[in-house]
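Engineer:
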Amino acid sequence: MKIGIVIGTNEAEVVWNAFRFGVTSLKANHEVKVFLINKGVEVEDIKNEKYNVKEQTDLFIESNGQILACGTCLKSRHKEESNICPISTMKDLL
């Protein structure tokens, strides 16, 4: 099955759980893409002792998950694309 996850927040627990679900889905042999939009493009800036977002994000990528990030949202925050947040478009989200 193909699974798309849209993350539009920078709330640590929500993002952490979204990537946990993605990792679980990849381990069950599903194809998973995550699209970061709005505050979701701030995923690399999330620091939380209880919810280790970086660990889950890294595990998602290592498990062959794909992450896309809204280019407009990145630009509005004066952020550059990265391995975690490659510039993408609404067409990619579609």
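In the working numbering, the protein residues as written are 311 to 404. Every residue gets a Cβ at the ideal spot worked out from N, C-alpha and C, and that includes glycine. Here the structure is a predicted model, which means the values were calculated and not measured.
Determine whether the beta carbon atoms of I313 and E354 lie at a separation below 8 Å.
Structural biologist: No, the pair does not count as a contact, with Cβ atoms beyond the cut-off.
Engineer: Flag this pair as touching only if the region 357-372 and the region 321-329 have three or more C-beta atom pairs under 8 Å; answer yes or no.
Structural biologist: These segments touch.
Engineer: Under a three-way DSSP split, which group does E365 fall into?
Structural biologist: Three-state result, E365: helix.
Engineer: What does the Cβ neighbour count give for L384, buried or exposed, with the cut at 16 atoms within 10 Å?
Structural biologist: It is buried - the Cβ of L384 has at least 16 other Cβ atoms within 10 Å.
Engineer: Residues in the same chain with beta-carbon distance under 8 Å from P396, minus the five sequence neighbours each way, listed in chain order, please.
Structural biologist: Excluding positions up to five away in sequence, the list reads I377, L378, A379.
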